[in-house]
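Shown next, in structure tokens, is the structure this report addresses.
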Amino acid sequence: MRFRFPSIGSLPLVPNKPQLTTTKVRPMINNSRFGPFKTGGYWIQAIMSLLAASSTHTYNKFTELIFLPSLTSLGRIDGGKYDYSVPIMVTYTNDPSSAHEWKKKHLKSSFNTTTDEPKIQFVGFDLESAPDLPWRKDVRYVGPATIQLAVVDAALIIQIAQDDCGGPLEEMLPFVRSILDDNSILLAGVGMNQDMVELYRWIGNKDGSLVPDRPLRIDLGGIGSTNGDSVGLRRLAAGVLRVDTPKSRKLARSPWATVPLSLKSIAYAARDAWTSAAVLHRLHSLDLERFSPNALRDVVRKEEEFLQSIGKPVSIADLSAQMSLRKQYRDEWTELKEKQKERGLSEEEIQHRKRVKELVHNLGPPKPVTFEVEELSLLGITI
């Protein structure tokens, strides 16, 4: 079978009345897009934002297939049988039926016949939110906008909120919940707790929380960490996969709720989730026992048990509450710092500031599970 990727192609599907569903196939070289609807004046924008956020009208559904280009190789992987620089196919959609089709194709549930437990599968995860930037006047929605899922050879970007109808897109939520609540899926990424808390706060307990109490997840920021700091995805891709995944602050601040996303934004978002899936794929190929999905699931569970034993939050609700409290103390510490610059602090205020600083430190998020550099070097990996 031969596939071609025209500049603009369209494969019409049967419409789900009154909604319209289309599938498009696009190569990365095409840059022709339609821009966001522009409005003039602050108050018009504010009214449009309120209308979008409260709207229950139907929206046009879409599904696009984007063929991402190869990544720049940073050198040969010793003994590696998989080339992580090759192109991957991305499905970008706001249609739950397309999302379920992707899940059916790439996330296949199975059970261990001896233990009757589900066989765990690695799935890369990431979240992008439409930022509130003062210089961007045409954005009508702020908050979580896309969720990315990935396996080693494919990625899915689902639009969960849009400028034209606000958020959330209610029809997408059952699919999101089905992923977060699936004990056979080990979600992997960097900054996982922050992403889960953001999703939890976005929906809260309206019609049941979107985020389960303890979704099965692992933060990869501890791989190769030497000082407790989190390792970034680009560094992991370079060290483990020997490929370069360029990062851009401008792309990170993309208007993620503006549909359709630019091709560069799609590549940026998809590669973040893909990196996490590919890193675990590579580590598993090097050490089948230590980095198996089930072994890492057990590592996560033991870490949660340890955190509970020392009184640290584990559930997403408790993590959210702790993060809110920490922010209050950080704001207070900042105010005291500015006050000290302006007129100085009394001895009592200085001591109070020290206590606040200690509270900020103690309320910090749990650090990701660490995988020692020395042990990784035995596998031929340098982070």
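Going by numbering that gives the first Met the number 0, the final residue of the sequence shown carries number 382, and the count climbs one at a time with no gaps.
Backbone N, C-alpha and C fix where the C-beta goes; we use that ideal spot for every residue, glycine too.
(message) Assuming E100 is part of the alpha helix (DSSP H), what are its boundary residues?
(response) Here the question's residue 100 lines up with position 101 in the sequence shown. 95-105 is the extent of the alpha helix (DSSP H) around E100.
(message) I'd like to know whether the C-beta atoms of I65 and I265 end up nearer to each other than 8 Å.
(response) Mapped onto the sequence shown, residue 65 falls at position 66. Mapped onto the sequence shown, residue 265 falls at position 266. Yes, Cβ-Cβ distance for I65 and I265 is below 8 Å.
(request) Specify the secondary structure class of K384 as computed by DSSP and reduced to three states. (result) Absent from the model: residue 384. The displayed extent of the chain is 0 to 382, so no value can be given.
(request) Name, in chain order, the residues that DSSP records as bridge partners for S72. (result) For this step, residue 72 is matched to residue 73 along the sequence shown. Answer by DSSP bridge pairing, in chain order: V242.
(message) In this structure, how does DSSP classify T55 when only helix, strand and coil are distinguished?
(response) As a working mapping, residue 55 is identified with position 56 in the sequence shown. Any reading at T55 must be qualified, since the residue scores a pLDDT of 49, below 50, and its modelled position is unreliable; the value itself is stated next. Reduced to three states, the DSSP call for T55 is coil.
(request) With DSSP collapsed to three states, give me the class of D180. (result) In the sequence shown, residue 180 corresponds to position 181, counting from 1. Here D180 sits in coil by DSSP.
(message) Is there a Cβ of chain C sitting closer than 8 Å to that of L362, yes or no?
(response) The displayed structure is made up of one protein chain only, and chain C is not part of it.
(message) With a threshold of 8 Å, are at least 3 pairs of Cβ atoms found where one atom belongs to the segment 311-329 and the other to the segment 183-199?
(response) yes
(request) Can you give me the Cβ contacts of I202 inside the same chain, cut-off strictly under 8 Å, excluding the 5 residues immediately before and after it? (result) Here residue 202 refers to the residue found at position 203 when the sequence shown is read from its first residue. Counting only Cβ-Cβ distances below 8 Å, and skipping sequence neighbours, we find P167, L172, S208, L209, V210.
(request) Using only alpha-carbon positions, find the residue among N59, F61, T62, Y91 that is nearest to Y267. (result) Looking up residue 267 in the sequence shown gives position 268. When only C-alpha atoms are compared, the closest one is Y91.
(message) Tell me which residue opens and which closes the beta strand (DSSP E) that E127 is part of.
(response) To locate residue 127, count along the sequence shown from 1; it is residue 128. That run of the beta strand (DSSP E) goes 120-129.
(message) Once DSSP output is grouped into helix, strand and coil, what is the label at E303?
(response) Along the sequence shown, read from residue 1 onward, the residue named residue 303 stands at position 304. It is helical.
(message) Check this for me: beta carbons of E170 and P95, under 8 Å apart or not?
(response) The residue labelled residue 170 in the question sits at position 171 within the sequence shown. The residue labelled residue 95 in the question sits at position 96 within the sequence shown. Going by C-beta atoms, E170 is nearer than 8 Å to P95.
(request) Look at the Cβ atom of P365, then the Cβ atom of G221, and state whether they are nearer than 8 Å. (result) Position 366 of the sequence shown, counting from 1, holds the residue named residue 365. Position 222 of the sequence shown, counting from 1, holds the residue named residue 221. No. Outside cutoff.
(message) Can you find the residues in the same chain that come closer than 7 Å, C-beta to C-beta, to I146, ignoring five residues on each side of it along the sequence?
(response) Position 147 of the sequence shown, counting from 1, holds the residue named residue 146. The answer, listed in chain order, is L126, I157, I159, V175.
(message) Could you tell me the alpha carbon to alpha carbon distance between G190 and R213, rounded to whole angstroms?
(response) Translated into the one-based positions of the sequence shown, residue 190 becomes position 191. Translated into the one-based positions of the sequence shown, residue 213 becomes position 214. Each residue's Cα considered, the two are about 15 Å apart.
(message) For T57, tell me which candidate among A129, W134, C164 has the shortest Cα-Cα distance.
(response) Numbered from its first residue, the sequence shown carries residue 57 at position 58. Closest option to T57, Cα to Cα, is C164.
(request) Please confirm whether R354 and L335 have their CB atoms less than 8 Å apart. (result) The residue given as residue 354 occupies position 355 in the sequence shown. The residue given as residue 335 occupies position 336 in the sequence shown. No. Outside cutoff.
(request) Going by CA-CA distance only, name the one from K246, E288, D152 that's closest to L106. (result) Within the sequence shown, residue 106 is the residue found at index 107, counting from 1. Taking only the C-alpha atoms, the option nearest L106 is D152.
(message) Within 10 Å of its beta-carbon, does L49 have 16 or more other beta-carbons around it, so buried, or fewer, so exposed?
(response) In the sequence shown, the residue the question calls residue 49 occupies position 50. In this prediction, L49 has a pLDDT of 48, which is less than 50 and means its spatial position is unreliable; what the coordinates show is noted afterwards. Flag for L49 reads exposed.
(message) Could you tell me which whole alpha helix (DSSP H) segments of length 4 or greater appear in the segment 209-293?
(response) 232-235, 248-251, 262-285
(request) Since I believe V122 is in contact with A269 (beta carbons under 8 Å), could you give me their beta-carbon distance rounded to a whole number of angstroms? (result) Residue mapping note: residue 269 aligns to position 270 of the sequence shown, counting from 1. Residue mapping note: residue 122 aligns to position 123 of the sequence shown, counting from 1. That pair is no contact at about 13 Å.
(request) Using alpha carbons as the reference points, say which of E371, L186, N182 lies closest to V150. (result) By one-based count along the sequence shown, residue 150 stands at place 151. Nearest of E371, L186, N182 to V150, Cα basis: L186.
(request) Determine the closest residue to R248 out of A256, K263, V239, S84, with distance taken between C-alpha atoms. (result) Residue 248 sits at position 249 when you count from the first residue of the sequence shown. R248 has its Cα closest to that of K263, out of A256, K263, V239, S84.
(request) Starting from the C-beta of G142, find all residues in its chain whose C-beta is less than 7 Å away, skip the five residues before and the five after it, and write them out in chain order. (result) Along the sequence shown, one-based indexing puts residue 142 at 143. Once the five neighbours on either side are set aside, the close Cβ partners of G142 are S128, A129, A160, G166, W201.
(message) Using a 10 Å radius around the Cβ and a threshold of 16 neighbouring Cβ atoms, would you call R342 buried or exposed?
(response) Position 343 of the sequence shown, counting from 1, holds the residue named residue 342. By the neighbour-count rule (16 or more Cβ atoms within 10 Å), R342 is not buried but exposed.
(request) Decide if Q321 is buried, meaning its Cβ has at least 16 other Cβ atoms within 10 Å, or exposed. (result) Your numbering for residue 321 matches position 322 in the sequence shown. So Q321 ends up on the buried side.
(message) Which same chain residues end up closer than 7 Å to R32 when comparing Cβ atoms and leaving out the 5 residues on each side of it in sequence?
(response) Taking the sequence shown and counting its residues from 1, the one referred to as residue 32 is at position 33. Any reading at R32 must be qualified, since the residue scores a pLDDT of 36, below 50, and its modelled position is unreliable; the value itself is stated next. Around R32: P259, S261.
(message) By the DSSP assignment, the alpha helix (DSSP H) with Q63 in it spans what residues?
(response) Numbered from its first residue, the sequence shown carries residue 63 at position 64. Here residue 63 turns out to be Glu, not Gln, going by the sequence shown. No alpha helix (DSSP H) contains E63, which is instead part of the beta strand (DSSP E) from 60-66.
(message) Please report the distance separating the alpha-carbon of K246 from that of R233.
(response) On the sequence shown, position 247 is the one that residue 246 refers to. On the sequence shown, position 234 is the one that residue 233 refers to. Going from the Cα of K246 to the Cα of R233 covers about 7 Å.
(request) Decide if L67 is buried, meaning its Cβ has at least 16 other Cβ atoms within 10 Å, or exposed. (result) As a working note, residue 67 is residue 68 in the sequence shown. By the neighbour-count rule (16 or more Cβ atoms within 10 Å), L67 is buried.
(message) Do G238 and L219 count as a contact pair if the criterion is CB distance below 8 Å?
(response) Numbered from 1 along the sequence shown, position 220 holds the residue referred to as residue 219. Numbered from 1 along the sequence shown, position 239 holds the residue referred to as residue 238. For L219 and G238, no; Cβs fall outside 8 Å.
(request) Could you pull the start and end residues of the beta strand (DSSP E) that Q158 belongs to? (result) By one-based count along the sequence shown, residue 158 stands at place 159. Taken as a continuous stretch (DSSP letters only), the beta strand (DSSP E) holding Q158 covers 153-158.
(message) Less than 6 Å between C-beta atoms, sequence neighbours within five positions excluded: which residues of the same chain meet that for S97?
(response) Walking along the sequence shown from the start, residue 97 turns up at place 98. Contacts found: T62.
(request) Would you identify the three-state DSSP class for F33, choosing helix, strand or coil? (result) In the sequence shown, residue 33 corresponds to position 34, counting from 1. Confidence at F33 is low in this model, with a pLDDT of 33, below 50, so the placement of that residue should be treated as unreliable; the coordinate-derived value is given next. In this structure, F33 counts as coil in the three-state DSSP scheme.
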